[in-house]
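Just so we're aligned: 198 in my numbering is position 198 of the sequence shown, and the numbers increase by one with no gaps anywhere.
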Amino acid sequence: MNFSNRTPDDLSPNAIARAIEAAQPVLDMTQSNPTLCGFNYPPDILKGLSRPEALIYDPQAFGTLKAREVLANYLSANGQKVDPQNLVLTASTSEAYSYLFKLLGNPGDSFLTPTPGYPLLDHLLHLEGLELNPYFFQVHPDWPIDRTRLEASITPQTKGIITINPHNPTGAFLSENDQQVLLNLCEKFSMAYLSDEVFSDFAYVSQPRRIQNPKVLTFRLGGLSKSLGLPQLKLSWIEILGPDKLVEECKERLDLIADTYLSLNTPVQVALEDLLTFAPDIQNQMRTRLLYNRNNLEKLLSNLHEVKVWPAQGGWYALVKVLREGAKDEDLVIQLLKKHQVLVQPGSFYDFPTGCFLVISLLSQPDLFEAGVIRLRNFLEDLKF
Ligand SMILES: Cc1ncc(COP(=O)(O)O)c(C=O)c1O
Numbered sequence: 001m002n003f004s005n006r007t008p009d010d011l012s013p014n015a016i017a018r019a020i021e022a023a024q025p026v027l028d029m030t031q032s033n034p035t036l037c038g039f040n041y042p043p044d045i046l047k048g049l050s051r052p053e054a055l056i057y058d059p060q061a062f063g064t065l066k067a068r069e070v071l072a073n074y075l076s077a078n079g080q081k082v083d084p085q086n087l088v089l090t091a092s093t094s095e096a097y098s099y100l101f102k103l104l105g106n107p108g109d110s111f112l113t114p115t116p117g118y119p120l121l122d123h124l125l126h127l128e129g130l131e132l133n134p135y136f137f138q139v140h141p142d143w144p145i146d147r148t149r150l151e152a153s154i155t156p157q158t159k160g161i162i163t164i165n166p167h168n169p170t171g172a173f174l175s176e177n178d179q180q181v182l183l184n185l186c187e188k189f190s191m192a193y194l195s196d197e198v199f200s201d202f203a204y205v206s207q208p209r210r211i212q213n214p215k216v217l218t219f220r221l222g223g224l225s226k227s228l229g230l231p232q233l234k235l236s237w238i239e240i241l242g243p244d245k246l247v248e249e250c251k252e253r254l255d256l257i258a259d260t261y262l263s264l265n266t267p268v269q270v271a272l273e274d275l276l277t278f279a280p281d282i283q284n285q286m287r288t289r290l291l292y293n294r295n296n297l298e299k300l301l302s303n304l305h306e307v308k309v310w311p312a313q314g315g316w317y318a319l320v321k322v323l324r325e326g327a328k329d330e331d332l333v334i335q336l337l338k339k340h341q342v343l344v345q346p347g348s349f350y351d352f353p354t355g356c357f358l359v360i361s362l363l364s365q366p367d368l369f370e371a372g373v374i375r376l377r378n379f380l381e382d383l384k385f
């Protein structure tokens, strides 16, 4: 049987997966499922799902107008007015990407993809028969875009630029200047601008202004999996911006794509208004946790030589850079598993082009997080830096 090459031929567990298997039980410092991190979800948070309206199935490709109006209101509270007619609801942000890739790319086309960056983009693109065209950040506290090869890497097959703001895993916001540069390229080469803003509620500092170019077809992505810490609700969105005529054509085509699947569930749309009233409380709990764990990480690793907790401006992850020449992230991750049964992610998982980075989730419960960091510190000390 010849399968398509959208899925890889070799799906066997890699060396880290095998080390995890052998090291059980593992203290998992990669936990990014908020529902397993001990947040205090109010007991009535899901009550809206059982409203009687949820018993009527009235499928709408972009979601009901009521749900889109509720969402537009919520998003407009951040300053920029959102038009409910330009919102498309999807079952997840991953699905939002898949719709946009179907809309914009033919098999063999590519998207400029931030590197290092979120590994799922690789699969999301390949599953649509598309290619990654990486652009790079400079290793710097603010992770500015490396502009040297940027424009030269664009070909007629490059259909758009993907940004993640704040970025996963660096936690850096794109500066206004970098946003401008990318938007100018989109305008010059008629490419779309995809702005993944799933972590935008989790800034530690005031974030740079979000830039828009009215000539560029722009898609902003967000979802309840991060904004409400409830991935299982399966509700995300795309906001479409740009020249009116293009936006209208986009909507017609997206309508066909979304109508083919109709993957949105009714109860979550009916409950959306109620659900969003809980967002400030949950986001506050999460932000408090992220900052607490981050401070603790910095404190506990502060005396180690040649180890640096890299600065970040937001997001759910922290980067620990091991500065010693020749240190290899995957080797460290496997040794840490073997010696201390602690799991962190290697930077290679996110395609860091240089440097030895370990990636740690900041969502875990503080006592568990601290226990993991102490084991990590002992491990790094034993390496005799
Ligand atoms: C940057 C980024 N975009 C999108 C997603 C996917 O979100 P969803 O759960 O809504 O599919 C994730 C998940 O972690 C992510 O990190």
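Beta carbons are placed, not taken as given, at the ideal position from N, Cα and C, and that holds for glycine. Quantities reported herein were computed from a predicted structural model and do not represent experimental measurements.
- In this structure L55 is exposed. Its beta-carbon is surrounded by fewer than 16 other beta-carbon atoms within 10 angstroms.
- The beta carbon of G160 lies closer than 6 Å to those of L104, F111, M191, A192, L194 in the same chain, with the five residues before and after it left out.
- Between ligand 1 and V198, a heavy atom-to-CB distance of less than 7 Å is present.
- The Cβ neighbour count for M1, taken over all protein chains shown within 10 Å, is under 16; the residue is labelled exposed.
- At least one heavy atom of ligand 1 lies closer than 7 Å to the C-beta of Y118.
- In this structure, the C-beta of S225 approaches ligand 1 to less than 7 Å from one of its heavy atoms.
- For P141, the closest C-alpha among the options A318, H305, E131, L336 is that of A318.
- Taking the Cβ atoms as the reference, A258 lies roughly 6 Å from V88, within the contact range of under 8 Å.
- Of the heavy atoms belonging to ligand 1, none sits nearer than 7 Å to the Cβ of N293.
- Within the region 178-247, the runs of alpha helix (DSSP H) that reach at least 4 residues and sit entirely inside it are, in chain order, 224-227.
- Restricted to the region 108-150, the alpha helix (DSSP H) segments that are unbroken, complete and at least 4 residues in length are 120-126, listed in chain order.
- Separation of the CB atoms of L132 and D146 is rounded to 16 Å, and the pair is thereby denied contact status at 8 Å.
- Excluding residues up to 5 positions away in sequence, P59, A61 lie with their Cβ nearer than 8 Å to the Cβ of L262 in the same chain.
- Boundaries cannot be given for I45, as no beta strand (DSSP E) includes it and DSSP labels it neither H nor E.
- Excluding sequence positions up to five before and after L254, its CB lies within less than 7 Å of the CB of V88, Y99, L103, all in the same chain and listed in chain order.
- Taking 7 Å as the cut-off, the C-beta of N73 does not count as close to any heavy atom of ligand 1.
- Cα atoms of A17 and P52: separation of roughly 45 Å, rounded to the nearest angstrom.
- Here Y317 carries a strand assignment [DSSP, helix/strand/coil].
- Under the DSSP definition of a beta bridge, F357 partners with K321.
- Rounded to the nearest whole angstrom, the CA to CA distance from S92 to I162 is 17 Å.
- When DSSP states are grouped into helix, strand and coil, P25 belongs to the coil group.
- Between K321 and G372, the gap from beta carbon to beta carbon reaches 8 Å or more.
- Check the Cα spacing between L362 and each of V307, N293, E298, Q283: the tightest is with N293.
- Using a Cβ-Cβ distance cut-off of 8 Å, the region 340-355 and the region 19-33 are in contact, since at least three pairs of beta carbons, one from each stretch, lie closer than that value.
- As a beta-bridge residue in DSSP terms, T90 pairs with S236.
- When DSSP reads this structure, T163 sits in a beta bridge with S195.
- In this structure, the C-beta of N168 approaches ligand 1 to less than 7 Å from one of its heavy atoms.
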